[in-house]
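2 protein chains.
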Amino acid sequence: MGKVKRERWSNEFSEWYNELLETAGIIDKRYPVKGMNVWLPYGLKIMRNIEAFIRAEMNRTGHEEVLFPALIPETEFQKEAEHIKGFEDEVYWVTHAGLDPLDVRLILRPTSETAMYSMFSLWIRSHADLPFKVYQIVNVYRYETKHTRPLIRVREISRFFEAHTAHVDFEDAERQIKEDLEIFDRLAKFLALPYIISKRPDWDKFPGAFYSLGAEIMMPDGRTLQIGTMHNYKQNFAKAYNIQYETETGDHEFVHQTTFGMSERLLAAVIAVHGDDSGMVLPPTIAPIQVVIVPIPKKDASVDVFAYAREIAEELRKAGFRVHVDERDIRPGRKYYDWELKGVPLRIEVGPRDVEGRKAVLARRDTFEKIPVERDAIVEEVKKTLDAIHENLYNRAKGFLESHIKRVDTIEEAKAVFEDRRGIVEIPWCGDEECGLKMEEELDAKMLGTPYPEEKAREGIEGKKCPVCGREAKFIARFARTY
Amino acid sequence: MGKVKRERWSNEFSEWYNELLETAGIIDKRYPVKGMNVWLPYGLKIMRNIEAFIRAEMNRTGHEEVLFPALIPETEFQKEAEHIKGFEDEVYWVTHAGLDPLDVRLILRPTSETAMYSMFSLWIRSHADLPFKVYQIVNVYRYETKHTRPLIRVREISRFFEAHTAHVDFEDAERQIKEDLEIFDRLAKFLALPYIISKRPDWDKFPGAFYSLGAEIMMPDGRTLQIGTMHNYKQNFAKAYNIQYETETGDHEFVHQTTFGMSERLLAAVIAVHGDDSGMVLPPTIAPIQVVIVPIPKKDASVDVFAYAREIAEELRKAGFRVHVDERDIRPGRKYYDWELKGVPLRIEVGPRDVEGRKAVLARRDTFEKIPVERDAIVEEVKKTLDAIHENLYNRAKGFLESHIKRVDTIEEAKAVFEDRRGIVEIPWCGDEECGLKMEEELDAKMLGTPYPEEKAREGIEGKKCPVCGREAKFIARFARTY
């Protein structure tokens, strides 16, 4: 890395993040359209590993993969009133083809409800077709007017994951939301990312949703980043797109629908949460290279450190690890620097004395700890150490998240938190929109919503008052400065 | 399948093809934008298997995967004069975002040269960066004015593969074209697709290319389908996009570039070439289900055919095969029909007598042959039979292709071929554009080009005359009715 440190409480985190994305080979933001970036091979490899896990989870839970066109006719887009209101300011319009204007203008999907649901109404006929569960991973487009930021706020989301389901009734849709939460939890553990789930306030629901849940992680600068959403649409879209099924008794009912969305923000979170002043620190689960072996030749040494390194690599590969031997003709220190930047979780150093003594040294990327090991124990030690790294990344991040959630009773206390170390502030709330918006304004922060599941939203509010109106509190409301 | 047969020489092939795509679950063409289709789960699974092979080949040959934005600024698109001329009639224009017109209009990529090459000029600095080899698999857009046809001629190509390379000189670019041809040959064998390679005539080169090669297969109706292209751009784009490198002696030179392109037409070819009146016939290499086991229960039988089927399935899965046991409560005949439609290469039928005698019956999808096997020999027999199916598909298609290439000396003979069984006609040609275009007109066919490698284009032309001008023939020219 350059001179920029991963400082909190300042613009330096942003600089650190932007510089790292480029120097570590994640994306190139010099593409000549603002807010649209080029994925570089190393970044794409990490993202593919994240996607492979998501696909496996989709498969495990009976979701089928589909692929819809990226262009949606204006006429379809306009069928659900709230949805169009929510998106009309940020869609890209295709108005011409070749030299001619189009009869029906097309939008570039900002999300795929309006592309998918007229087809759902053709596909879903009877209760036997339900639950109906599909997903796709595609590019979507949003004309962001706020400051863009690679992987976080972009005008082309290159890797947008969206699962769409249809159900016989509200209860079955609720079961789906539970399954989504379970999938998300497994994914977050896979990425070593602790998170919180909030039920969004009504004024911040997904356009067209009955309710929306959001998953947030804590960024190093104390702001939160939404990395997953689950929405229960009830029958809102089903009615707009006429998605009906025949019940067992021969009646016709509208389906209940849910969606579950994620994106390349998952990668942004991994980079931001686990990284340090030396660069990225990748969880072993998604690192394209889990172990890099650096041979350290010495002049006049009678043993072949390269052959020794290759032999260890071969053994580790057979055991299922992703291994690279760095045989470049440059100083070992330079190699350490490169692989630390790229976040390789474990380095193995082998010099002539290691060859002679049938040993090696493991160097952990997360703690920089060096661990001497016996040659014959390497596979076992690597496995153990990678597991320990993953666990440490998770625990470290969990400690950080937890120490950045503070419960307060008054606006003044909440303000003090945002002035000091930021993070998430939990405040008793009467549940009225007016009071919620007032707090957002006073705190210059966003209401993430109320803790979810619902029971959690009422824990410890007995006797508490809403600090705006003074009435009895019904919920805990979470506020944060957000990305 | 319905009543439509896979007849040649008529519109029935088209009907057969369209009906099959829908009934077998490949795509749904009822999406409300003409020429843009929805990929269904089964079709997408087959396509993913094709892509996995392509990715492995890219990896093997040192190409790195990248991902570029789908939107290209008008200003970048216009840098190479021939390229814009070739594409301006068929690009989609994004002119507005939200409620405002864009300052610089954007096109939806029809191919990615103009998106990629300004970045290449930033990335490539020295001879040490060369050869530079990248690829991506993305959605591209072409406003086709001809009749659209799913997977073949579409306005959204959902699965467009494009490899782009840069080299120190023309010779190294030529080596790349050879590597592309080798990759293509391995892929074609993987898909059991025999093909021919032709060097396109100058008037049909890719816009901006120095020369273009095309790979064609023979469709059941005697028309050809282009399923791969390789282009040597020489320095045309490098000069337009200023892609220079520093040589070992410190000079600056423009790179030489090539591209290699394929798409979902690969799947169209597989379906069309191998299919029959009962539906698809998938090569085992890409079949999502390679073996389907159909238990045939009989009333009052004392043995459990389902348990026996599951046991066989488990053993086959352990041996690495993709297996499905069809336990639905419907007649076996209905199951045969479904899986034949979906092209599953091998069916295993097990009835009570098979359980008792520890036997089973294999049914080949390609020949409908039934093969009784011993229980203990099943894994081995399945392997052998799947290999035999793949080989038979290839040989059958090869025979068909070869019997549809006819060499003639005169326009009259050529016309007779197109009136009779169609296919590819090879005619001696002087090499002049005027004579070539004249033949295209007279035959109402397209010149695919001259056989490639170049030596093949001159085989057997001694003493032959160009049938248009009567001058000495310099090449063999291939003509066909094309998709």
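The listed protein sequences correspond, in order, to chains A and B.
Mapping of the first sequence onto this note's numbering: position 21 corresponds to residue 21, and the numbering continues sequentially without gaps.
Positions in the second sequence are counted from 1; adding 1000 to them yields this note's numbering.
Backbone N, C-alpha and C fix where the C-beta goes; we use that ideal spot for every residue, glycine too.
Residue 477 (chain A) and residue 163 (chain A) have their C-alpha atoms some 28 Å from each other. Under the 8 Å Cβ criterion, the segment 240-252 of chain A counts as touching the segment 124-135 of chain A, having at least three qualifying pairs. Excluding its 5 nearest sequence neighbours in each direction, residue 1310 (chain B) has C-beta neighbours in its own chain below 7 Å: 1325, listed in chain order. Annotation for residue 1478 (chain B): the continuous beta strand (DSSP E) segment containing it runs 1475-1480.
Neighbours of residue 1068 (chain B) in chain A, taken as residues at a C-beta separation under 7 Å, are given in chain order as 38. Per the Cβ contact rule, the segment 377-395 of chain A is not in contact with the segment 407-420 of chain A (fewer than 3 Cβ pairs under 8 Å). Listed by position along chain B, the residues whose Cβ is nearer than 7 Å to that of residue 28 (chain A) are 1119. Between residue 1071 (chain B) and residue 141 (chain A), the CB-CB gap stays under 9 Å. Annotation: the continuous alpha helix (DSSP H) that includes residue 1170 (chain B) extends over 1170-1190. Scanning chain A for C-beta atoms nearer than 9 Å to the C-beta of residue 1065 (chain B) yields 39, 41, 44, 45 and 48, reported in chain order.
Within the model, the alpha-carbon separation for residue 110 (chain A) versus residue 157 (chain A) is close to 9 Å. Taking a beta-carbon distance threshold of 9 Å, residue 76 (chain A) counts as an interface residue toward chain B. Under the three-state reduction of DSSP, residue 1273 (chain B) is assigned to helix. Interface criterion met: the Cβ of residue 1090 (chain B) is under 9 Å from a Cβ in chain A. With its beta carbon at least 9 Å from every one in chain A, residue 1231 (chain B) lies outside the interface. Nearest to residue 1277 (chain B) by alpha-carbon distance, out of B:1337, B:1093 and B:1172, is B:1337. Distance between residue 472 (chain A) and residue 462 (chain A), taken at the CA atoms: about 9 Å.
Taking CB atoms only, residue 263 (chain A) has no neighbour in chain B less than 9 Å away. Judged by DSSP secondary structure, residue 253 (chain A) falls within the beta strand (DSSP E) whose first and last residues are 252-254. Residue 1290 (chain B) is a Cβ neighbour of residue 1344 (chain B), given a cutoff of 9 Å. Taking the Cα of residue 1350 (chain B) as reference, the smallest distance to any Cα among B:1362, B:1341 and B:1314 is reached at B:1362. By the C-beta criterion, the segment 1446-1465 of chain B is judged to be in contact with the segment 1194-1214 of chain B, since at least 3 inter-stretch pairs fall below 8 Å. Residue contact with chain A for residue 1111 (chain B): absent (no Cβ-Cβ distance below 9 Å to any residue of chain A). Only residues of its own chain outside the window of five on either side were considered, and among them 1135 have a CB closer than 6 Å to the CB of residue 1058 (chain B), listed in chain order.
The beta carbons of residue 1200 (chain B) and residue 1227 (chain B) sit no closer together than 9 Å. Using a Cβ-Cβ cut-off of 9 Å, residue 72 (chain A) counts as an interface residue toward chain B, since at least one Cβ of chain B sits closer than that to its own.
By the neighbour-count criterion, in which 16 or more other beta carbons inside 10 Å mark a residue as buried, residue 145 (chain A) falls on the exposed side. In this structure the segment 221-238 of chain A lies against the segment 173-186 of chain A, because at least three pairs of beta carbons, one per stretch, are closer than 8 Å. Nearest C-alpha to residue 1464 (chain B) among B:1375, B:1431 and B:1075: B:1431. Chain-order list of chain A residues neighbouring residue 1097 (chain B): 90, 91, 92, 93 and 143, by C-beta distance under 8 Å. Between the beta-carbon of residue 1280 (chain B) and that of residue 1342 (chain B) there is about 6 Å, and that keeps the pair under the 8 Å contact cut. In this chain, the alpha helix (DSSP H) harbouring residue 1381 (chain B) covers 1378-1403.
Per DSSP, residue 1166 (chain B) lies in no alpha helix (DSSP H); the unbroken beta strand (DSSP E) holding it starts and ends at 1156-1167.
Residue 279 (chain A): not part of any alpha helix (DSSP H); DSSP gives it neither H nor E. As computed with DSSP, residue 1428 (chain B) is found in a beta bridge with B:1476.
Using beta-carbon distances, residue 1468 (chain B) does not count as an interface residue toward chain A, since no partner is under 9 Å.
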